[in-house]
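If you use the UniProt record's numbering, the sequence shown corresponds to residues 1 to 259, in order.
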Amino acid sequence: MLPVERQEAIVEAVGTAQVVSTDELVRRLGVSAETVRRDLAFLEERGALRRVHGGAAAVADHRPIEPSYSERTMIRHQAKAQLARVAAGLLENGQTVIIDIGTTAVAVAQAIPRAFTGTVITPSLPVAVELADRPGIELLLAGGRVRAGDLACSNAHTKSFFTDVYADIALLGSGGVDAVAGLTDFHLDEIDVRRTIIANSARSYILADSSKLGQVAPYRVCDLGAVNGLITDQSTDLAVESAFAETGGVVMPARPASA
């Protein structure tokens, strides 16, 4: 088991049970207690859990809870529309573009000009529906297990699909964006898909309204240095800004349409 796989398993176990002993993690993972303790220290530094005597516990006070999809369509609707216009402005005709999952990804699909021509690839059924009638867009939908709510495709089949895709630009969904923990999200089986998308894209940008800045969702996708930047409605987290500045990434805050 790779270290990142082991650490994801630890975060999942802690998130499910709220408190897990070191001995239990040793038994589950088949590694030494010293290896588990190193992993717990690493994960605590990234805000994914907190160490307690003899094991680890969840950090519920720092962990956002993902609202339902229908709730998220109503939350910060204007902010998502603003940052979606910035994201759509990065696109050029002829590009191959990956649009990820989530309500902000749907807002980006809605913001793409009707005149845009190119290839759009997505694991999101709602994004595909938004773009299905665009004559200038060649639309590809990644298959896989469909998760209710977001109607997002994810599993080994989805990852395999994106392994053979090389995009000019990828626009990524997010559960949280933190200077230390990096890009995190709520669904474990979608993490590896997103990593594959990032690895195979010439440029990749996180889509996150300002309420997600400084937040840590249960599962880590990557460090902020693995992507080219962040698109948000407004920059409200100096630590996140500094982290991107250190890695050469950009933070692109949107402005109201009237501004």
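Even glycine gets a Cβ: it sits at the ideal position worked out from N, Cα and C.
Are Val165 and Ile198 closer than 9 Å when you measure CB to CB?
Val165 is not a Cβ neighbour of Ile198, given a cutoff of 9 Å.
Can we say the stretch 224-235 touches the stretch 185-194, given the rule of at least three CB pairs closer than 8 Å?
no
Determine the DSSP secondary structure at Pro126, reduced to helix, strand or coil.
helix
Option nearest Ala167 by Cα separation, candidates Asp100, Ala9, Gln78, Val108:
Asp100
Residues in its own chain within less than 8 Å of Pro113 by CB, not counting five upstream and five downstream?
Ala88
According to DSSP, simplified to helix, strand and coil, what is Val36?
helix
Mark Leu208 as exposed unless 16 or more other C-beta atoms lie within 10 angstroms of its C-beta, in which case mark it buried.
Here residue 208 turns out to be Ala, not Leu, going by the sequence shown. Buried: at least 16 other Cβ atoms inside 10 Å.
Ile121 and Ala142 look like a contact to me (Cβ under 8 Å); what is the Cβ gap, rounded to whole Å?
7 Å
Alpha carbon to alpha carbon, how far is Leu151 from Pro123? Give it in angstroms, no decimals.
Each residue's Cα considered, the two are about 9 Å apart.
Who are Thr184's beta bridge partners in DSSP?
Gly176, Arg220
Can you find the residues in the same chain that come closer than 8 Å, C-beta to C-beta, to Gly94, ignoring five residues on each side of it along the sequence?
Thr117, Gly118
What do you reckon, are the CB atoms on Leu125 and Val146 nearer than 9 Å?
yes
Across which residues does DSSP place Met252 in a beta bridge pair?
Residue pairing by DSSP places Met252 opposite Ile231 in a beta bridge.
Do Val11 and Pro218 have their C-beta atoms within less than 9 Å of each other?
Between Val11 and Pro218, the CB-CB gap stays under 9 Å.
Check Leu207 in the structure and name its three-state DSSP category.
strand
For the ligand ATP, I want to know if Ala167 counts as a neighbour, meaning its beta carbon is within less than 8 Å of at least one of the ligand's heavy atoms.
The model depicted lacks the ligand ATP and carries no ligand whatsoever.
Go ahead and pull the three-state DSSP assignment for Arg51.
strand
Assuming Gly47 and Val180 make a contact with CB atoms under 8 Å, what is their CB distance in whole Å?
That belief holds up - the Cβ atoms of Gly47 and Val180 are roughly 6 Å apart, short of 8 Å.
Simplified DSSP state of Leu2, which is helix, strand or coil
coil
Same chain, Cβ closer than 7 Å to His62, five either side skipped, listed in chain order:
Its pLDDT being 48, under 50, His62 is placed unreliably in this model, and the coordinates cannot settle the point.
Here's a check: name, in chain order, each residue in its chain whose Cβ is nearer than 6 Å to the Cβ of Ser258, leaving out the five neighbours to either side.
For Ser258, the pLDDT reaches just 47, beneath the cut-off of 50, and the residue's location in the model is therefore unreliable, although a value from the coordinates is still provided. There are no such residues.
Straight-line CA distance for Arg28 to His53?
19 Å
Counting C-beta neighbours from all protein chains within 10 Å, is the total for Ser32 16 or more, i.e. buried, or is it exposed?
exposed
C-beta atoms of Ala58 and Arg50 nearer than 9 Å:
yes
Determine the closest residue to Gly249 out of Leu90, Arg255, Ala226, Gln7, with distance taken between C-alpha atoms.
Ala226
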